[in-house]
Ligand SMILES: [Zn+2]
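Here it is in structure tokens:
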């Protein structure tokens, strides 16, 4: 069954067609959500909401665009909303707890962690640094970067999802990579000194 | 700092700026070759290059993570819950609709009956008025006509 048939069946609340669609797109949706959210449990929860949204609002889908483009768009919006809501919750929480967790700032890699003796810890820190660097990008740069890196979408496909021109996507990706590199280099500098 | 070192430093900065694009294969062939040569000879840039490569490879690991086998069954259950809530809501809505419709019909009938009574009353009154009016007219008709009107 091709995408158009699938979505037509889903418009009629066909659960079997829906299951086929989920099986086809779950990896891709979870990867996009994970790119933004950087936590598997939460990314899977948001991915479930994306699929529920697809099922409930299938009647809104117009066949003049690709189904995957529409699905990516829902996944990007749901992920960004999740992050915004979560930030609000975190900031209101921190007023009361005066939280001193530094999870949102680039972690200092101390000598102990990076003497090669603890590969897992090094890897974990590297991961946190990368995720923080991605999270620090402005929303549109981050979206273009995630669609490009986590989904290997072409400039053209990204431009469709983001409703931008191809040249805007090129420029967003260029700036995203520049900024990401800058953030990561700050972490490496501490290792190098 | 010697002249050579300062040129080398400048090259290093420009090479470092290009590392992420070099890794992604975004550079033109000539430029990519320059970076490649520089990396062979420069330990510091090579360090940054290796680190960046390791960092970006995390994305590949992220992507290949296995999905929870129960993803669809969980989703299906959530959908069942939503649909049953929706059915209950729409059943409630339908009941409310039926009651509202019945109420409108009842009010309609009531108004209908009330209006019928009123119309009957009014028409009775009208009939009396008409009779009275007729009498008046009759009275008028019975009034003596002015003599000058007859004179012609
Ligand atoms: Zn160098």
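Residue numbers (my numbering), protein chains in the order written: chain A, 164 to 356; chain B, 114 to 265.
A virtual CB, placed ideally from N, CA and C, is assigned to each residue, including glycine.
- Chain A places a beta carbon closer than 8 Å to that of residue 168/B, counting this residue as a contact.
- DSSP places residue 164/B within a helical segment (H, G or I) once states are collapsed to three.
- Not one heavy atom of ligand 1 is found less than 7 Å from the C-beta of residue 294/A.
- At a C-beta separation below 9 Å, residue 313/A has these neighbours in chain B: 172, 175 and 176.
- With the criterion set as a beta carbon lying under 9 Å from some beta carbon of chain A, the members of the segment 177-195 of chain B are 178, 180, 181, 184, 185, 187, 188, 189, 191, 192 and 195, in sequence order.
- Nearest CB-CB separation between residue 222/B and chain A: not below the 8 Å threshold.
- Contact check for residue 209/A against residue 242/A passes: the beta carbons are separated by less than 8 Å.
- Cβ-Cβ separation between residue 185/A and residue 188/B: approximately 6 Å, consistent with a contact (criterion under 8 Å).
- For residue 148/B, the distance from the CB to the nearest heavy atom of ligand 1 is not below 7 Å.
- With contacts defined as CB atoms closer than 8 Å, residue 168/B and residue 289/A qualify as a contacting pair.
- Ranking 337/A, 329/A, 182/A and 318/A by CA distance to the CA of residue 300/A puts 337/A first.
- In the structure shown, residue 198/A falls within a helical segment according to DSSP collapsed to helix, strand and coil.
- By the beta-carbon neighbour count (other beta carbons within 10 angstroms, threshold 16), residue 150/B is exposed.
- If you check the CB distance, residue 346/A and residue 307/A do not come in under 8 Å.
- Distances between the C-beta of residue 128/B and the heavy atoms of ligand 1 include at least one below 7 Å.
- In this chain, the alpha helix (DSSP H) harbouring residue 207/A covers 203-219.
- Look at residue 204/B: its C-beta is not under 8 Å from any C-beta on chain A.
- For residue 185/A, the nearest beta carbon of chain B is closer than 8 Å to its own beta carbon.
- Contact of residue 165/B with chain A by beta-carbon distance below 9 Å involves 344, 347, 348 and 351.
- Residue 227/B and residue 201/B have their alpha carbons spaced roughly 38 Å apart.
- The contact set of residue 215/A on chain B, defined by CB atoms closer than 8 Å, consists of 188, 191, 192 and 195 in chain order.
- With fewer than 16 other Cβ atoms from the protein chains shown falling within 10 Å of its own Cβ, residue 254/A counts as exposed.
- With the rule of 3 Cβ pairs closer than 8 Å, the segment 171-187 of chain A does not count as touching the segment 160-179 of chain B.
- Taking 7 Å as the cut-off, the C-beta of residue 144/B does not count as close to any heavy atom of ligand 1.
- Chain A places no beta carbon closer than 8 Å to that of residue 227/B, leaving this residue out of the contacts.
- By a beta-carbon distance limit of 8 Å, residue 192/A does not contact residue 221/A. Their separation comes to about 15 Å.
- Note on residue 292/A: 16 or more other CB atoms within 10 angstroms of its CB, so buried under the neighbour-count rule.
- Within chain A, the C-beta atoms nearer than 7 Å to that of residue 161/B come from 348 and 351, in chain order.
- Under the Cβ criterion of 8 Å, residue 320/A is not counted among the residues facing chain B.
- The three-state reading of DSSP puts residue 152/B in helix, counting H, G and I together.
- Across the structure, residue 324/A and residue 302/A are spaced so that their CA atoms are roughly 14 Å apart.
- In terms of side-chain proximity, the C-beta atom of residue 124/B is found nearer than 7 Å to a non-hydrogen atom of ligand 1.
- DSSP places residue 326/A outside any alpha helix (DSSP H), giving it a letter other than H or E.
- Under the Cβ criterion of 8 Å, residue 212/B is not counted among the residues facing chain A.
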